[in-house]
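A.B. asks:
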Amino acid sequence: MIRTQVYIPDDLHRDLMLLAKTSGLNFSQLIREGAEEVKKKRAKTQKKRDWKKFIGAGGRGGPKDLSSKIDYYLYGEGNPKWAGR
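In the working numbering, the protein residues as written are 212 to 296.
Right, dumping it as structure tokens:
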């Protein structure tokens with residue numbers, strides 16, 4: 212597990228501590244359960260194609276020979292930033 216720190220309002224902290232004590236869970240377990248619920252809720256509302264945005268718009272565009280000429284496009288004349296140097 213990864214340890215993290217978050218800031219929550221005093222009243223929310225108080226309510227969660229009370230809920231943890233009355234439910235028999237510790238505070239950390241309660242927070243993890245809440246995070247899982249948020250993750251599940253958000254996952255349902257996302258479109259199935261959203262992952263393409265994450266990996267670069269699903270592979271649209273770009274030169275066809277990019278894999279064989281990667282240095283040319285990154286550092287050579289194929290890159291406008293490096294062209295003419």
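Ideal Cβ positions, reconstructed from N, Cα and C, are used throughout, including at glycine.
I need the boundaries of the alpha helix (DSSP H) containing Ser234, first residue and last residue.
C.D. replies: Against the sequence shown, residue 234 aligns to sequence position 23. Counting along the chain, the alpha helix (DSSP H) containing Ser234 begins and ends at 221 to 234.
A.B. asks: Over what stretch of residues does the alpha helix (DSSP H) that includes Arg214 continue unbroken?
C.D. replies: Counting from one through the sequence shown, the residue named residue 214 turns up at place 3. From DSSP, Arg214 is part of no alpha helix (DSSP H); its letter is neither H nor E.
A.B. asks: Rounded to a whole number of angstroms, what is the C-alpha to C-alpha distance between Ser234 and Gly245?
C.D. replies: As a working mapping, residue 234 is identified with position 23 in the sequence shown. As a working mapping, residue 245 is identified with position 34 in the sequence shown. One C-alpha to the other measures close to 14 angstroms.
A.B. asks: Can you list, in chain order, the residues of its chain whose CB lies under 8 angstroms from that of Leu277, leaving out five sequence neighbours each side?
C.D. replies: Taking the sequence shown and counting its residues from 1, the one referred to as residue 277 is at position 66. So the qualifying residues of the chain are Tyr284.
A.B. asks: Tell me the rounded alpha-carbon separation between Asp226 and Asn237.
C.D. replies: Here residue 226 is taken as the residue at index 15 of the sequence shown, counted from 1. Here residue 237 is taken as the residue at index 26 of the sequence shown, counted from 1. Rounded to whole angstroms, Asp226 to Asn237 spans 13 angstroms at the Cα level.
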